[in-house]
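Counted the way my numbering counts, the sequence shown spans residues 129 to 467.
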Amino acid sequence: MSVATLDAALLGAEPIVVAEILRGLVDGPTLIRAEGRWPDRIADAARNALGHVAAVTVAVGPPSSVPPDAFDLVLTEDAVAGVEAAFLRAPLAGVAGALLLRSAPRPLLDGLVAESATYSTLQAGAEFLAWRAARPVRAVADTGGPRVRVDEHPGLREIVLVRPGRHNALDVRMRDALHAAFVDAATTADPVLLRGEGPSFCSGGDLDEFGMFPDPALAHLVRLDRSLALAVAAVADRLVVALHGSCLGAGIELPAFARHVLAADDARLGLPEQALGLVPGAGGTVSIARRAGRHAALAMLLRDGTVDAEHGRTLGLVDEVVPLEGLRERAIAVATGLA
(Lines of atoms letter the chains of each structure in order from A and count residues from 1; the text may use other names and numbers.)
(Lines give C-alpha, C1' and ligand atoms only; values in the text may rest on other atoms or scores of the structure.)
Protein backbone atom coordinates (compact mmCIF):
# COMPACT_ATOMS: atom_id res chain seq x y z
CA MET A 1 0.00 0.00 0.00
CA SER A 2 1.31 3.42 -0.82
CA VAL A 3 0.71 7.02 -1.81
CA ALA A 4 2.55 7.95 -5.00
CA THR A 5 3.10 11.38 -6.53
CA LEU A 6 2.73 12.08 -10.24
CA ASP A 7 4.17 15.21 -11.83
CA ALA A 8 1.08 16.80 -13.38
CA ALA A 9 3.15 18.15 -16.27
CA LEU A 10 3.52 14.57 -17.57
CA LEU A 11 -0.23 14.38 -18.26
CA GLY A 12 0.39 16.21 -21.51
CA ALA A 13 2.93 13.61 -22.66
CA GLU A 14 2.73 10.96 -25.35
CA PRO A 15 0.40 7.98 -24.72
CA ILE A 16 3.01 5.33 -24.01
CA VAL A 17 4.84 7.57 -21.55
CA VAL A 18 1.78 8.25 -19.35
CA ALA A 19 0.58 4.65 -19.34
CA GLU A 20 4.01 3.34 -18.38
CA ILE A 21 4.47 5.93 -15.65
CA LEU A 22 1.10 5.10 -14.08
CA ARG A 23 1.85 1.39 -14.16
CA GLY A 24 5.17 2.03 -12.50
CA LEU A 25 3.53 3.97 -9.66
CA VAL A 26 1.11 1.20 -8.71
CA ASP A 27 2.60 -1.13 -6.12
CA GLY A 28 -0.32 -2.88 -4.48
CA PRO A 29 -3.31 -0.69 -3.50
CA THR A 30 -2.13 2.81 -4.31
CA LEU A 31 -3.38 6.40 -4.18
CA ILE A 32 -1.82 8.51 -6.93
CA ARG A 33 -1.76 12.25 -6.34
CA ALA A 34 -1.11 14.43 -9.38
CA GLU A 35 0.29 17.83 -8.52
CA GLY A 36 2.78 20.45 -9.61
CA ARG A 37 2.76 22.39 -12.87
CA TRP A 38 -0.33 21.40 -14.80
CA PRO A 39 -0.33 21.27 -18.61
CA ASP A 40 -2.65 23.50 -20.57
CA ARG A 41 -4.52 20.38 -21.63
CA ILE A 42 -4.56 16.79 -20.41
CA ALA A 43 -3.90 14.52 -23.36
CA ASP A 44 -6.71 12.15 -24.35
CA ALA A 45 -4.35 9.24 -23.85
CA ALA A 46 -3.61 10.42 -20.31
CA ARG A 47 -7.31 10.61 -19.51
CA ASN A 48 -7.75 7.11 -20.87
CA ALA A 49 -4.83 5.81 -18.80
CA LEU A 50 -6.15 7.49 -15.66
CA GLY A 51 -9.54 5.91 -16.29
CA HIS A 52 -8.06 2.41 -16.42
CA VAL A 53 -5.42 2.45 -13.69
CA ALA A 54 -6.31 0.28 -10.66
CA ALA A 55 -5.60 2.99 -8.11
CA VAL A 56 -7.30 6.00 -6.53
CA THR A 57 -6.41 9.04 -8.64
CA VAL A 58 -6.41 12.48 -7.02
CA ALA A 59 -5.80 15.84 -8.66
CA VAL A 60 -4.35 18.21 -6.07
CA GLY A 61 -5.02 21.89 -6.63
CA PRO A 62 -5.46 21.79 -10.42
CA PRO A 63 -6.49 24.83 -12.48
CA SER A 64 -10.09 25.10 -13.60
CA SER A 65 -9.08 23.98 -17.08
CA VAL A 66 -8.38 20.44 -15.84
CA PRO A 67 -11.47 18.26 -16.41
CA PRO A 68 -12.50 16.80 -13.03
CA ASP A 69 -13.91 13.65 -14.63
CA ALA A 70 -10.33 12.60 -15.46
CA PHE A 71 -9.74 11.87 -11.75
CA ASP A 72 -11.49 10.02 -8.95
CA LEU A 73 -11.12 13.05 -6.68
CA VAL A 74 -10.17 16.70 -7.11
CA LEU A 75 -8.91 18.18 -3.83
CA THR A 76 -7.21 21.22 -2.40
CA GLU A 77 -3.82 20.81 -0.75
CA ASP A 78 -5.47 21.24 2.66
CA ALA A 79 -7.96 18.41 2.06
CA VAL A 80 -5.69 15.77 0.57
CA ALA A 81 -3.90 14.80 3.80
CA GLY A 82 -7.11 13.64 5.49
CA VAL A 83 -8.10 11.58 2.45
CA GLU A 84 -4.67 9.96 2.31
CA ALA A 85 -4.85 9.05 6.00
CA ALA A 86 -8.28 7.46 5.57
CA PHE A 87 -7.11 5.61 2.47
CA LEU A 88 -4.07 4.15 4.22
CA ARG A 89 -6.22 2.64 6.98
CA ALA A 90 -7.94 0.37 4.44
CA PRO A 91 -6.32 0.83 1.01
CA LEU A 92 -7.91 -2.24 -0.60
CA ALA A 93 -11.35 -0.89 0.20
CA GLY A 94 -10.31 2.58 -0.95
CA VAL A 95 -9.23 1.36 -4.38
CA ALA A 96 -12.29 -0.89 -4.66
CA GLY A 97 -14.56 2.07 -3.90
CA ALA A 98 -12.84 4.28 -6.45
CA LEU A 99 -13.08 1.65 -9.19
CA LEU A 100 -16.73 0.97 -8.34
CA LEU A 101 -17.62 4.66 -8.55
CA ARG A 102 -15.48 5.47 -11.58
CA SER A 103 -18.22 4.41 -14.00
CA ALA A 104 -21.10 5.68 -11.84
CA PRO A 105 -23.91 6.38 -12.15
CA ARG A 106 -24.99 3.08 -13.67
CA PRO A 107 -28.46 1.67 -14.37
CA LEU A 108 -29.99 0.65 -11.04
CA LEU A 109 -29.65 -3.13 -11.19
CA ASP A 110 -26.23 -3.04 -12.84
CA GLY A 111 -24.98 -0.73 -10.12
CA LEU A 112 -26.42 -2.81 -7.28
CA VAL A 113 -24.95 -6.03 -8.66
CA ALA A 114 -21.51 -4.43 -8.98
CA GLU A 115 -21.72 -2.91 -5.51
CA SER A 116 -22.86 -6.14 -3.86
CA ALA A 117 -20.17 -8.21 -5.59
CA THR A 118 -17.49 -5.75 -4.47
CA TYR A 119 -18.88 -5.64 -0.92
CA SER A 120 -18.95 -9.44 -0.68
CA THR A 121 -15.40 -9.74 -2.01
CA LEU A 122 -14.15 -7.27 0.59
CA GLN A 123 -15.95 -9.15 3.37
CA ALA A 124 -13.59 -12.05 2.64
CA GLY A 125 -10.57 -9.72 2.54
CA ALA A 126 -7.84 -9.06 5.08
CA GLU A 127 -8.94 -5.52 5.98
CA PHE A 128 -12.48 -6.43 6.98
CA LEU A 129 -11.36 -9.60 8.76
CA ALA A 130 -8.86 -7.57 10.78
CA TRP A 131 -11.58 -5.09 11.73
CA ARG A 132 -13.94 -7.91 12.72
CA ALA A 133 -11.25 -9.63 14.83
CA ALA A 134 -10.46 -6.37 16.66
CA ARG A 135 -14.12 -5.73 17.50
CA PRO A 136 -15.67 -8.65 19.38
CA VAL A 137 -19.36 -9.18 18.74
CA ARG A 138 -21.41 -7.91 21.65
CA ALA A 139 -24.31 -9.91 23.01
CA VAL A 140 -27.28 -7.55 22.83
CA ALA A 141 -30.58 -8.46 24.41
CA ASP A 142 -33.36 -8.61 21.84
CA THR A 143 -36.55 -7.13 23.21
CA GLY A 144 -38.53 -9.11 20.66
CA GLY A 145 -40.51 -6.04 19.64
CA PRO A 146 -41.09 -4.96 16.04
CA ARG A 147 -38.32 -3.25 14.10
CA VAL A 148 -40.65 -1.39 11.73
CA ARG A 149 -44.14 0.09 12.17
CA VAL A 150 -46.43 1.02 9.30
CA ASP A 151 -49.02 3.71 10.02
CA GLU A 152 -51.83 4.25 7.54
CA HIS A 153 -53.19 7.77 7.13
CA PRO A 154 -55.70 9.04 4.56
CA GLY A 155 -53.65 9.32 1.37
CA LEU A 156 -50.34 8.60 3.10
CA ARG A 157 -48.37 5.56 4.26
CA GLU A 158 -45.87 6.22 7.06
CA ILE A 159 -43.08 3.69 7.56
CA VAL A 160 -41.29 4.12 10.89
CA LEU A 161 -38.05 2.53 12.14
CA VAL A 162 -38.61 1.54 15.77
CA ARG A 163 -35.33 0.35 17.26
CA PRO A 164 -34.50 3.58 19.10
CA GLY A 165 -32.29 1.95 21.75
CA ARG A 166 -29.78 1.05 19.01
CA HIS A 167 -30.23 4.27 16.99
CA ASN A 168 -32.28 2.20 14.52
CA ALA A 169 -29.25 0.13 13.54
CA LEU A 170 -30.25 -2.03 10.60
CA ASP A 171 -30.11 -5.71 11.53
CA VAL A 172 -31.50 -8.68 9.60
CA ARG A 173 -34.88 -8.43 11.30
CA MET A 174 -35.21 -4.74 10.44
CA ARG A 175 -34.03 -5.35 6.88
CA ASP A 176 -36.65 -8.03 6.31
CA ALA A 177 -39.43 -5.97 7.91
CA LEU A 178 -38.46 -2.85 5.97
CA HIS A 179 -38.25 -4.82 2.73
CA ALA A 180 -41.76 -6.21 3.32
CA ALA A 181 -43.10 -2.72 4.11
CA PHE A 182 -41.73 -1.24 0.88
CA VAL A 183 -42.82 -4.19 -1.26
CA ASP A 184 -46.32 -3.69 0.15
CA ALA A 185 -46.13 0.07 -0.43
CA ALA A 186 -45.38 -0.60 -4.09
CA THR A 187 -48.87 -2.14 -4.46
CA THR A 188 -50.52 1.20 -3.68
CA ALA A 189 -50.39 4.66 -5.23
CA ASP A 190 -50.14 6.61 -1.96
CA PRO A 191 -47.14 8.77 -1.06
CA VAL A 192 -44.76 7.16 1.43
CA LEU A 193 -43.00 8.80 4.36
CA LEU A 194 -39.99 7.06 5.93
CA ARG A 195 -38.69 8.22 9.30
CA GLY A 196 -37.15 6.88 12.50
CA GLU A 197 -38.07 7.07 16.17
CA GLY A 198 -35.57 7.88 18.90
CA PRO A 199 -32.34 9.91 18.77
CA SER A 200 -31.40 8.95 15.19
CA PHE A 201 -32.95 8.09 11.86
CA CYS A 202 -30.58 5.16 11.27
CA SER A 203 -26.99 4.62 12.39
CA GLY A 204 -26.35 2.17 9.56
CA GLY A 205 -25.95 -1.58 9.61
CA ASP A 206 -25.81 -3.34 12.96
CA LEU A 207 -22.05 -3.83 13.41
CA ASP A 208 -22.57 -6.90 15.57
CA GLU A 209 -24.02 -8.70 12.55
CA PHE A 210 -21.35 -7.65 10.05
CA GLY A 211 -19.52 -10.62 8.60
CA MET A 212 -21.69 -13.21 10.34
CA PHE A 213 -22.82 -14.76 7.04
CA PRO A 214 -20.33 -17.59 6.48
CA ASP A 215 -20.32 -17.54 2.68
CA PRO A 216 -19.69 -14.15 0.98
CA ALA A 217 -20.82 -15.51 -2.41
CA LEU A 218 -24.16 -16.63 -0.99
CA ALA A 219 -24.45 -13.37 0.93
CA HIS A 220 -24.13 -11.54 -2.41
CA LEU A 221 -27.15 -13.40 -3.78
CA VAL A 222 -29.19 -12.91 -0.60
CA ARG A 223 -28.37 -9.19 -0.61
CA LEU A 224 -29.78 -8.87 -4.13
CA ASP A 225 -32.78 -11.14 -3.52
CA ARG A 226 -33.86 -9.01 -0.52
CA SER A 227 -32.47 -5.74 -1.80
CA LEU A 228 -33.75 -2.79 0.18
CA ALA A 229 -32.35 -0.50 -2.49
CA LEU A 230 -34.54 -2.09 -5.18
CA ALA A 231 -37.60 -2.00 -2.91
CA VAL A 232 -37.05 1.64 -1.98
CA ALA A 233 -36.29 2.67 -5.55
CA ALA A 234 -39.58 1.13 -6.69
CA VAL A 235 -41.50 3.87 -4.85
CA ALA A 236 -38.82 6.56 -5.07
CA ASP A 237 -40.93 9.02 -7.07
CA ARG A 238 -43.47 9.25 -4.21
CA LEU A 239 -41.12 8.74 -1.27
CA VAL A 240 -40.22 11.39 1.31
CA VAL A 241 -37.57 10.66 3.95
CA ALA A 242 -37.12 12.58 7.21
CA LEU A 243 -33.57 12.41 8.59
CA HIS A 244 -32.33 13.30 12.06
CA GLY A 245 -29.46 12.43 14.34
CA SER A 246 -27.06 9.83 12.97
CA CYS A 247 -27.67 8.95 9.32
CA LEU A 248 -24.81 6.62 8.50
CA GLY A 249 -24.23 3.98 5.85
CA ALA A 250 -27.64 2.60 4.92
CA GLY A 251 -29.08 5.55 6.85
CA ILE A 252 -28.13 7.87 3.98
CA GLU A 253 -27.71 5.38 1.12
CA LEU A 254 -31.40 4.38 1.10
CA PRO A 255 -32.79 7.92 1.63
CA ALA A 256 -30.72 9.15 -1.33
CA PHE A 257 -33.06 7.21 -3.64
CA ALA A 258 -36.07 9.25 -2.48
CA ARG A 259 -37.74 12.02 -4.40
CA HIS A 260 -37.53 14.40 -1.44
CA VAL A 261 -35.17 14.24 1.54
CA LEU A 262 -35.68 16.46 4.57
CA ALA A 263 -33.09 16.68 7.33
CA ALA A 264 -33.38 18.08 10.82
CA ASP A 265 -30.72 20.56 11.79
CA ASP A 266 -29.11 17.93 14.05
CA ALA A 267 -28.61 15.36 11.26
CA ARG A 268 -25.13 13.98 10.59
CA LEU A 269 -24.50 12.13 7.33
CA GLY A 270 -21.65 9.74 6.64
CA LEU A 271 -20.32 6.62 4.95
CA PRO A 272 -18.17 4.80 7.53
CA GLU A 273 -17.73 1.58 5.54
CA GLN A 274 -14.19 2.19 4.27
CA ALA A 275 -12.83 2.25 7.82
CA LEU A 276 -14.20 -1.29 8.17
CA GLY A 277 -12.48 -2.41 4.98
CA LEU A 278 -15.73 -2.27 2.99
CA VAL A 279 -17.62 -0.18 0.44
CA PRO A 280 -21.27 0.87 0.77
CA GLY A 281 -23.58 -2.12 0.60
CA ALA A 282 -27.09 -0.63 0.68
CA GLY A 283 -27.04 0.99 -2.75
CA GLY A 284 -25.03 4.09 -1.92
CA THR A 285 -22.68 3.85 -4.89
CA VAL A 286 -25.81 4.20 -7.03
CA SER A 287 -28.04 6.52 -5.00
CA ILE A 288 -25.43 8.96 -3.70
CA ALA A 289 -23.63 9.06 -7.05
CA ARG A 290 -26.94 9.96 -8.71
CA ARG A 291 -27.77 12.71 -6.25
CA ALA A 292 -24.35 14.18 -5.50
CA GLY A 293 -22.05 12.79 -8.21
CA ARG A 294 -19.37 10.12 -8.04
CA HIS A 295 -16.70 12.49 -6.72
CA ALA A 296 -18.82 13.46 -3.72
CA ALA A 297 -19.68 9.82 -3.05
CA LEU A 298 -16.01 8.81 -2.97
CA ALA A 299 -15.08 11.86 -0.90
CA MET A 300 -17.69 10.84 1.69
CA LEU A 301 -16.28 7.32 1.75
CA LEU A 302 -12.69 8.53 2.16
CA ARG A 303 -13.55 10.95 4.93
CA ASP A 304 -13.12 10.93 8.68
CA GLY A 305 -16.41 11.65 10.45
CA THR A 306 -19.61 13.06 9.03
CA VAL A 307 -21.09 16.11 7.36
CA ASP A 308 -23.91 18.17 8.80
CA ALA A 309 -27.34 18.65 7.29
CA GLU A 310 -26.50 21.95 5.61
CA HIS A 311 -23.41 20.47 3.97
CA GLY A 312 -25.59 17.57 2.86
CA ARG A 313 -27.90 20.10 1.23
CA THR A 314 -25.05 21.71 -0.69
CA LEU A 315 -24.02 18.26 -1.93
CA GLY A 316 -27.55 17.49 -3.11
CA LEU A 317 -28.17 14.69 -0.61
CA VAL A 318 -30.69 16.80 1.30
CA ASP A 319 -33.41 18.90 -0.29
CA GLU A 320 -34.50 20.86 2.77
CA VAL A 321 -33.15 21.48 6.29
CA VAL A 322 -35.70 22.11 9.04
CA PRO A 323 -35.67 22.44 12.86
CA LEU A 324 -35.84 19.06 14.58
CA GLU A 325 -39.07 19.86 16.38
CA GLY A 326 -40.87 20.54 13.09
CA LEU A 327 -39.39 17.65 11.08
CA ARG A 328 -42.32 15.20 11.08
CA GLU A 329 -44.93 17.89 10.51
CA ARG A 330 -43.03 19.30 7.54
CA ALA A 331 -42.35 15.81 6.14
CA ILE A 332 -46.04 14.93 6.28
CA ALA A 333 -46.89 18.17 4.49
CA VAL A 334 -44.37 17.47 1.73
CA ALA A 335 -45.51 13.86 1.37
CA THR A 336 -49.20 14.66 1.19
CA GLY A 337 -48.36 17.28 -1.40
CA LEU A 338 -47.13 14.48 -3.69
CA ALA A 339 -50.58 12.84 -3.79
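Note that the Cβ used here is the ideal one computed from N, Cα and C, for glycine as well.
Beta-bridge pairing of residue i - partner residues as DSSP gives them
i: G333; result: L298
i: V85; result: Summary: the structure shown does not reach residue 85, with the chain confined to residues 129 through 467, and so no result is reported for it.
i: H388; result: V368
i: V446; result: Bridge partners of V446: none, in fact.
i: H281; result: L284
C-beta contact flag for residue i and residue j at 7 angstroms
i: V265; j: D334; result: no
i: L397; j: V450; result: no
i: A483; j: V202; result: Nothing about residue 483 can be read from this structure; the chain reaches only from 129 to 467.
i: H388; j: A245; result: no
i: T413; j: L228; result: yes
i: A198; j: R234; result: no
i: A420; j: A378; result: no
Reference residue i, options the options, closest by Cα
i: I287; options: A242, L371, A252 and D238; result: L371
i: A207; options: E401, L445 and L430; result: L430
i: A357; options: F256, E243 and A420; result: E243
i: A392; options: D135, E280, G405 and R323; result: R323
i: A403; options: P282, P383, R419 and L376; result: L376
i: V462; options: A309, L445 and P319; result: P319
i: L134; options: V368, L153 and V145; result: L153
Residue i versus residue j: straight-line alpha-carbon distance, rounded
i: R422; j: S130; result: 23 angstroms
i: E448; j: S331; result: 20 angstroms
i: L284; j: P327; result: 24 angstroms
i: L289; j: P157; result: 38 angstroms
i: S248; j: R301; result: 20 angstroms
i: G272; j: L466; result: 35 angstroms
i: M428; j: L399; result: 6 angstroms
i: A386; j: I149; result: 43 angstroms
i: L178; j: P196; result: 12 angstroms
i: T204; j: E438; result: 21 angstroms
Residue i, DSSP secondary structure in three states
i: R323; result: strand
i: D238; result: helix
i: I460; result: helix
i: L201; result: strand
i: D318; result: coil
i: D312; result: helix
Proximity test, residue i beta-carbon vs the ligand ZN heavy atom, cut-off 6 angstroms
i: S355; result: Ligands are entirely absent from the displayed structure, and the ligand ZN is therefore not among its contents.
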